[in-house]
Amino acid sequence: MKRGIAVASATTAGVIAAGLIAACLSVPSYQGPVLLGYSESGSGATIASADFSLHFAGGAGFHFPDALVIDNVDVMGHASSPCWGQSGTGFAVMPMPPVSGDPETGGPAAMTSQLTAVLRGPAVVQVRLDWTTRFAFTSSPMCSPNPNHMPGGSSTFTVFPEGRIVRHDQLTDTNPNMEQVTASQCTCPDPALVPELFHLSSYWAFARDMFPMQVGLRTPDDPTLFDDLGAIPTAIISNYNTICINNTSSTSQIASTWVVPPGAGPETFGYSALISHDLQKSPTQTLDFSWDVHGALFITHTDCTAAFRRAIEYTQQQAKLVINGTTYTPSALDGMFGGDPGDGSHGIDVPDGRTTLSLPLITPDGPPAPFTSSFAVWLRFPREIDVPVATRAGAVGAWYVPQRIDGRNWIVWFRDPLLQSTETITLGPN
Amino acid sequence: MIGRTVAIVATVTLATATARAEPEPEARSQAAGHVRQGQAFFQRGDFDRALGEYQTALDLSAEPSLVFNIALCHDRANRPEAALRAFQRYLELAPNGSVADEARADIARLTPIVEKITADRAAQQGRQREVDAQRAEADRRRQATLREAAADNRRTRIARYVLVGGGMAVGAGAITHFVASQTRDRVANDGDPQHYVTDRHSFVVQRDVAIGLYAAGTATLAVGLVLALTAHRASEGPQLSATLLPGGAAMTVAWSR
Chain A
-9 MKRGIAVASA TTAGVIAAGL IAACLSVPSY QGPVLLGYSE SGSGATIASA DFSLHFAGGA
51 GFHFPDALVI DNVDVMGHAS SPCWGQSGTG FAVMPMPPVS GDPETGGPAA MTSQLTAVLR
111 GPAVVQVRLD WTTRFAFTSS PMCSPNPNHM PGGSSTFTVF PEGRIVRHDQ LTDTNPNMEQ
171 VTASQCTCPD PALVPELFHL SSYWAFARDM FPMQVGLRTP DDPTLFDDLG AIPTAIISNY
231 NTICINNTSS TSQIASTWVV PPGAGPETFG YSALISHDLQ KSPTQTLDFS WDVHGALFIT
291 HTDCTAAFRR AIEYTQQQAK LVINGTTYTP SALDGMFGGD PGDGSHGIDV PDGRTTLSLP
351 LITPDGPPAP FTSSFAVWLR FPREIDVPVA TRAGAVGAWY VPQRIDGRNW IVWFRDPLLQ
411 STETITLGPN
Chain B
111 MIGRTVAIVA TVTLATATAR AEPEPEARSQ AAGHVRQGQA FFQRGDFDRA LGEYQTALDL
171 SAEPSLVFNI ALCHDRANRP EAALRAFQRY LELAPNGSVA DEARADIARL TPIVEKITAD
231 RAAQQGRQRE VDAQRAEADR RRQATLREAA ADNRRTRIAR YVLVGGGMAV GAGAITHFVA
291 SQTRDRVAND GDPQHYVTDR HSFVVQRDVA IGLYAAGTAT LAVGLVLALT AHRASEGPQL
351 SATLLPGGAA MTVAWSR
């Protein structure tokens, strides 16, 4: 009988072993070549490609980007500007200190700051920063004495391997007691900029000494050099919704663009240490914190003309893609075809069979719409698939990278733009 | 004794040959020659050859006295049963023959001897039958043991084959497992989606084959183990029982040795 138990035990062990073996031999999901990676460390988080990386601040402060490294050099502007001046990336709330990833002595403290990786690559990385604060800082203790008054916001950064960073900012003001916060009570001591008015803006700040050539666009056909910012330490030039800054060795350029909503205006600030490209809300006497804007950065290694073309394509919604006969434009909030239209939904529904991607014609006999750079498409299949497989005549190498969201939802990043109306990409489950 | 008897035989032979006229003269002559030759052998104590000569002469002449001579040869050759039968035969052929009294005396002498021999033989045959019966029983038991041993060997051999088969299946599963692991590594690193799809399909097939081989091999090994443990007691093999319980059912597999 003991032997029977032994045999039963052996059989059970065999079954367990078979189960373990089956677990060990699980089917690995498609990973794809990592063009863009996301990693976290004690000092924050990093989105990195072969050419650039965007670092998000860690620690107890606001986890906004605090470094943009291109070709191994941080090109972000870190200012020793006045108390209210821009530094790094974030929100300026002049005359208060800004909300940014750069440490500001005496500025508002982060009550919460949560960085969430929504998409982790290998082609598209998206992080969302949710934060809250209280405007009760050392130099202005009476700015917001009500502890229930907690302004906050979220910023979503969607990064693509070709050097495109799409940013979407939303600000909210949790103020249950309807506390009135006025600029006169919340000003920095040095120097008072414009007393009695709040100047709220989303901004990117860049290291000025690395970009001596600065070009701005008020309209797509009117590039204007504004290299003379250096003569005026606190110069402000309005109305450039798109600027391009060219580095000293002309090996990289950055185009920054904002989509300007009603009641806001783009401005370029020039300080001794940085150039800040802002989208500024119309000044108000009391703090009006509601804010929903978006823009993008484009990193190139050719010239500002190419960078401008990409920026204009974004702001003008020029890129169009015909997917199974329906024309789509990329989401301005995250830069993807099939991206967030503003309600948080994602994905273009495609059938189980083959899906065709092509360019639309401007007129039936005209040329195709322009399409200048890499693009990403968020597709939703009717069932879970292993990986979408695409075909395109003449395409070689890693010309597309599928990125799994879940079994049904896939982002497919295409390296090369569609340039000819005769070009077609077909894509399917297998 | 020998000399007297031979003389009688010779006389009888001659007298008989003279009285009867049935055989051909040439046969008679030949028979007489064989008789003489038989007498010579008889006198030298070579009774078997003498008996042969007398038998030949008897065949040629049908002389009853030669039967008596043959009986004498058997008697001298210590074959009392044959001698007794020959003497009795002689008396049947020639109850008033010249050596009839001699034959009767010999019959009287030989009868108890033959009876004793017969009795001894019967006893010996009885003992032999008993020995044969014991031997047959032993043979039967040995055959049964051999059959059982052969059956045991067959079951052991089958168990061994099953175990070897199970081991081979597990081994094949391990090899397929290794190949599947290699393919899995390739799948995990496939950058090209088309290659991923192709390699994934290969991996799934290899994995399923490996699992199947492992399962079949393990089950076969378990069966082989059961067979090996129960190979010598076929009557005490695995007992399978199912029991219905208030809350469900139980299945038990048990065996003992």
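Chains as they are written, first to last, in the working numbering: chain A, -9 to 420; chain B, 111 to 367. Virtual Cβ for every residue (Gly too), placed ideally from N, Cα, C.
Exposure label - residue i; buried when at least 16 CB within 10 Å
i: residue 145 of chain A; result: buried
i: residue 70 of chain A; result: exposed
i: residue 244 of chain A; result: buried
i: residue 79 of chain A; result: buried
i: residue 282 of chain A; result: exposed
i: residue 340 of chain A; result: buried
i: residue 179 of chain B; result: buried
i: residue 164 of chain B; result: buried
i: residue 409 of chain A; result: exposed
i: residue 221 of chain A; result: The pLDDT assigned to residue 221 of chain A is 48, lower than 50, so where the model puts this residue is not dependable, and the model offers no usable value.
i: residue 177 of chain A; result: buried
i: residue 377 of chain A; result: buried
i: residue 257 of chain B; result: exposed
Closer than 8 Å to chain B by CB, residue i
i: residue 15 of chain A; result: yes
i: residue 136 of chain A; result: no
i: residue 392 of chain A; result: yes
i: residue 322 of chain A; result: no
i: residue 22 of chain A; result: yes
i: residue 62 of chain A; result: no
i: residue 379 of chain A; result: yes
i: residue 131 of chain A; result: no
i: residue 420 of chain A; result: yes
i: residue 202 of chain A; result: no
i: residue 159 of chain A; result: no
i: residue 350 of chain A; result: no
i: residue 376 of chain A; result: yes
i: residue 18 of chain A; result: yes
Coil, strand or helix - residue i by DSSP
i: residue 344 of chain B; result: With a pLDDT of 48 at residue 344 of chain B, under the threshold of 50, the predicted position of this residue should be treated as unreliable, and no value is reported.
i: residue 20 of chain A; result: coil
i: residue 226 of chain B; result: helix
i: residue 399 of chain A; result: strand
i: residue 115 of chain A; result: strand
i: residue 316 of chain B; result: helix
i: residue 221 of chain A; result: The pLDDT assigned to residue 221 of chain A is 48, lower than 50, so where the model puts this residue is not dependable; a value taken from the coordinates is nonetheless given after this. Helix, per DSSP.
i: residue 322 of chain B; result: helix
i: residue 278 of chain B; result: helix
i: residue 296 of chain B; result: helix
i: residue 65 of chain A; result: coil
i: residue 56 of chain A; result: strand
i: residue 234 of chain A; result: strand
i: residue 48 of chain A; result: coil
i: residue 201 of chain A; result: coil
i: residue 372 of chain A; result: coil
i: residue 157 of chain B; result: helix
i: residue 200 of chain B; result: helix
i: residue 392 of chain A; result: strand
Within-8 Å CB hit, residue i to chain A
i: residue 344 of chain B; result: With a pLDDT of 48 at residue 344 of chain B, under the threshold of 50, the modelled position of that residue is not reliable, and the figure given next carries that caveat. False, the Cβ-Cβ gap to chain A never drops below 8 Å.
i: residue 326 of chain B; result: no
i: residue 109 of chain B; result: Since the first and last residues shown for chain B are 111 and 367, residue 109 of chain B lies out of range.
i: residue 292 of chain B; result: no
i: residue 279 of chain B; result: no
i: residue 317 of chain B; result: yes
i: residue 320 of chain B; result: yes
i: residue 275 of chain B; result: no
i: residue 334 of chain B; result: no
i: residue 301 of chain B; result: yes
Near the ligand PLP: residue i beta-carbon under 7 Å from a heavy atom
i: residue 133 of chain A; result: With respect to the ligand PLP, the structure shown offers nothing to examine, as it has no ligands at all.
Exercise for the section: Check whether the segment 252 to 268 of chain B touches the segment 212 to 221 of chain B, taking contact to mean three or more Cβ pairs, one atom from each stretch, closer than 8 Å. Expected result: Pairwise C-beta distances place the segment 252 to 268 of chain B out of contact with the segment 212 to 221 of chain B, as fewer than three of them are shorter than 8 Å.
Practice task
Assess, as a yes-or-no matter, whether the segment 192 to 203 of chain A is touched by the segment 227 to 244 of chain A under the definition of 3 or more beta carbon pairs within less than 8 Å.
Solution key: Counting Cβ pairs under 8 Å, three or more are found: they touch.
Exercise for the section: State whether the segment 358 to 377 of chain A contacts the segment 402 to 414 of chain A, with contact taken as three or more CB pairs (one from each stretch) at a distance under 8 Å. Expected result: Judged by Cβ distances under 8 Å, the segment 358 to 377 of chain A makes contact with the segment 402 to 414 of chain A, as three or more pairs qualify.
Exercise for the section: Taking only beta carbons into account, state which residues of the segment 303 to 314 of chain B come closer than 7 Å to chain A, listed in chain order. Expected result: Those would be 303, 304, 306, 307, 310, 313 and 314, in chain order.
Exercise for the section: Report yes or no: do the segment 17 to 26 of chain A and the segment 34 to 45 of chain A share at least 3 C-beta pairs separated by less than 8 Å? Expected result: Three or more pairs of CB atoms, one per stretch, sit closer than 8 Å, so the segment 17 to 26 of chain A contacts the segment 34 to 45 of chain A.
Handout entry: At least 3 beta-carbon pairs within less than 8 Å: the segment 120 to 138 of chain A vs the segment 252 to 261 of chain A
Key = No, the segment 120 to 138 of chain A is not in contact with the segment 252 to 261 of chain A.
Handout entry: contact_flag[the segment 49 to 67 of chain A, the segment 86 to 100 of chain A] where n(CB pairs < 8 Å) is 3 or more
Key = The segment 49 to 67 of chain A vs the segment 86 to 100 of chain A: in contact.
Exercise for the section: Check whether the segment 107 to 121 of chain A touches the segment 147 to 156 of chain A, taking contact to mean three or more Cβ pairs, one atom from each stretch, closer than 8 Å. Expected result: With a cut-off of 8 Å, the segment 147 to 156 of chain A and the segment 107 to 121 of chain A count as touching, because enough Cβ pairs lie within range.
Handout entry: Cβ contact check for the segment 288 to 301 of chain B and the segment 313 to 333 of chain B: 3 or more pairs under 8 Å
Key = Judged by Cβ distances under 8 Å, the segment 288 to 301 of chain B makes contact with the segment 313 to 333 of chain B, as three or more pairs qualify.
Problem - Chain-ordered residues of the segment 384 to 414 of chain A with a beta carbon less than 7 Å from chain B - result: Listed in sequence order: 388 and 392.
Problem - Touch test, the segment 160 to 172 of chain A against the segment 265 to 284 of chain A, Cβ-Cβ under 8 Å, three pairs minimum - result: Result yes; three or more Cβ-Cβ pairs closer than 8 Å.
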